[in-house]
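Notes follow once the structure below has been shown.
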Amino acid sequence: MRKISLFIATSLDGYIAKPNDDLTFLKLVEKAGEDYGYAEFTDTIDTLIIGRRTYDYVLKEIGVSHYDNGERNVYVITRTERPSIGKTTFYTGNLTELVRQLKSENGKNIYCDGGAEIINELLKNDLIDEFIISVVPVLLGNGTRLFKDGRPEQELELVNTKTFETGLTQLHYRRKKEKTTNR
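Numbering-wise (my numbering), the sequence shown opens with residue 1 and increments by one.
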């Protein structure tokens with residue numbers, strides 16, 4: 001079965017954006033030639049799920065090719081119906097049903113790139129299998145929280161930790177498998 005992975009950056013105090021969807025704090029750890037494992041990670045996926053606000057921000061800042069490179073299916077979760085563009089589908093249906101369907105299909109893994117509403121909806125339904133969280137060495141004080149209240153407790157196991165020259169620390173966790181007892 002395919003797994004769904006979160007690959008995201010957060011401030012040390014747990015914010016993925018400053019007020020007004022401002023991501024400029026990410027520039028603090030920009031370094032020529034350093035992608036923090038992003039290219040290696042995206043080689044393992046063929047499907048991307050992203051919220052519309054995050055999609056629009058990346059479109060404006062980087063361009064459509066960042067997501068829709070013709071090699072993967074992109075699902076933009078939105079409340080407004082729009083026609084598909086290339087391999088990008090603007091999805092207005094039930095997110096949980098979409099993810100369960102995608103996980104049951106053959107293919108590479110699935111990447112959730114935010115935003116917070118999408119992440120927390122998936123967490124409420126225990127659908128994220130792997131967490132790769134890059135902690136940027138800054139305290140933002142307010143903004144959009146990575147993890148919101150009102151979701152079930154989930155135990156994780158540490159896969160590895162990487163530190164980088166820029167001060168960024170990357171934490172890689174996976175959902176802890178349920179223990180089975182043999183009788």
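We treat Cβ as the ideally placed atom computed from N, Cα and C, and that holds for glycine.
Query, Result
"Cutoff 8 Å; reference F184; Cβ partners in own chain excluding five residues on either side", "Nothing can be reported for residue 184, as the shown portion of the chain is limited to 1 through 183."
"Boundaries of the alpha helix (DSSP H) in which R53 is found, first to last residue", "R52 to E61"
"Validate contact between the region 10 to 23 and the region 140 to 160 using beta carbons, cut 8 Å, 3 pairs", "yes"
"Span separating the alpha-carbon of H172 from that of T163", "12 Å"
"Beta-carbon gap between V29 and G167 smaller than 8 Å", "yes"
"Sub-8 Å separation of R52 and V74 beta-carbons", "no"
"Beta-carbon contacts of K103 that lie in its chain and below 8 Å, excluding the five residues immediately before and after", "M1, R2, K3, I4, I110 and L127"
"Proximity to D35 [Cα-Cα], best of S134, F90, D46 and V159", "S134"
"Reference K87; option with closest CA among G93, E155, T24 and D46", "D46"
"Under 8 Å between C-beta atoms of L95 and R72", "no"
"Integer-rounded CB distance, given that T10 should sit under 8 Å from K108", "That pair is no contact at about 25 Å."
"4 or more residues per run - each alpha helix (DSSP H) lying fully within the region 64 to 131", "95 to 104 and 116 to 124"
"Extent of the continuous alpha helix (DSSP H) run through T42", "Y38 to T42"
"Local Cβ density within 10 Å of V159, reported as buried at 16 or more and exposed below that", "exposed"
"Sheet register partners of V135 (DSSP bridge)", "T10 and T169"
"Assigned exposure category for I85 - 16 Cβ within 10 Å defines buried", "exposed"
"Where L26 falls: helix, strand or coil (DSSP)", "helix"
"Beta carbon of F90 nearer than 8 Å to that of R100", "no"
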